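Residue numbers (our numbering): -14 to 247.
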């Protein structure tokens, strides 16, 4: 009989979610979150992972941590004890935050995922087709085109009447926006069109997949009340979120480390 492998006891359990746009880190001890922070991923995920490790060292966590990495750039975290898929971590983190059966919509920079969670387990999921037109990256690109910050973008959108942006590809959708700008359309109306177009693609993905239980939003857009409002209208049902929802993937990774799964 092969003896069960024993792992050294670690005081801290760290989850790192390296997204294509932002990288989130959660540090736990037992069930308590001690630290959380976000850094821009930038062009080099390995450099971002190094910066995260440096911060963990400065805080005194690195010497006694068990670390799980997830997200688009999870392989960049070469000091992680284990890497785990985003689906698993978002499901685990979402269950911890909402504590009920829920369908999670995670709008990231690279893709959008719809994840069904029941009794704490992921039962099914669906991802978009890797086109950024239905993700937060499209909003960022269009924000730059309009010469606004993200905060200004949402404010403009609230004040405008949405113009049609129908293309399914980011390149062609951007061309539509450039055309609107060239025709002298109001920035408010263009901004509203951008937000509504992303909400339309996200709601279409969720509706095609089907929704079980309540509906919750994670990812970078969970901090935008206006996007949540538009998405709720599109889905004709309330979309809830949580103050910690942006960290759902990192939280799920930290919980995986805490439970001795690595």
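C-beta: ideal position from N, C-alpha, C; glycine also.
As the structure is a prediction and not an experimental result, all values here were calculated from the model.
Whole angstroms is fine: what's the gap from residue i's alpha carbon to residue j's?
i: residue 189; j: residue 90; result: 12 Å
i: residue 209; j: residue 136; result: 9 Å
i: residue 131; j: residue 218; result: 25 Å
i: residue 99; j: residue 134; result: 27 Å
i: residue 141; j: residue 77; result: 35 Å
i: residue 174; j: residue 160; result: 16 Å
i: residue 178; j: residue 229; result: 28 Å
i: residue 145; j: residue 170; result: 11 Å
i: residue 149; j: residue 53; result: 42 Å
i: residue 139; j: residue -5; result: 43 Å
i: residue 70; j: residue 55; result: 6 Å
i: residue 186; j: residue 102; result: 22 Å
i: residue 122; j: residue 172; result: 19 Å
i: residue 35; j: residue 50; result: 15 Å
i: residue 10; j: residue 127; result: 27 Å
So residue i and residue j are in contact, right, with Cβ under 8 Å, and what is the actual spacing, rounded?
i: residue 199; j: residue 62; result: 32 Å between Cβ atoms; not a contact.
i: residue 235; j: residue 37; result: About 10 Å separates the two Cβ atoms, so there is no contact after all.
i: residue 79; j: residue 226; result: Not quite, the Cβ-Cβ distance comes to about 11 Å (not below 8 Å), so this is no contact.
i: residue 83; j: residue 201; result: 5 Å
Going by CA-CA distance only, name the one from the options that's closest to residue i.
i: residue 8; options: 232, 128 and 213; result: 232
i: residue 5; options: 239, 168, -3 and 60; result: 60
i: residue 216; options: 244, 183 and 229; result: 183
i: residue 107; options: 85, 96, 72 and 138; result: 72
i: residue 120; options: -3, 205, 29 and 28; result: 205
i: residue 85; options: 104, 211, 94 and 75; result: 104
So who's on the other strand from residue i, going by DSSP bridges?
i: residue 90; result: 99 and 202
i: residue 68; result: 54
i: residue 22; result: 10
i: residue -2; result: 13 and 51
i: residue 106; result: 103
i: residue 111; result: 99
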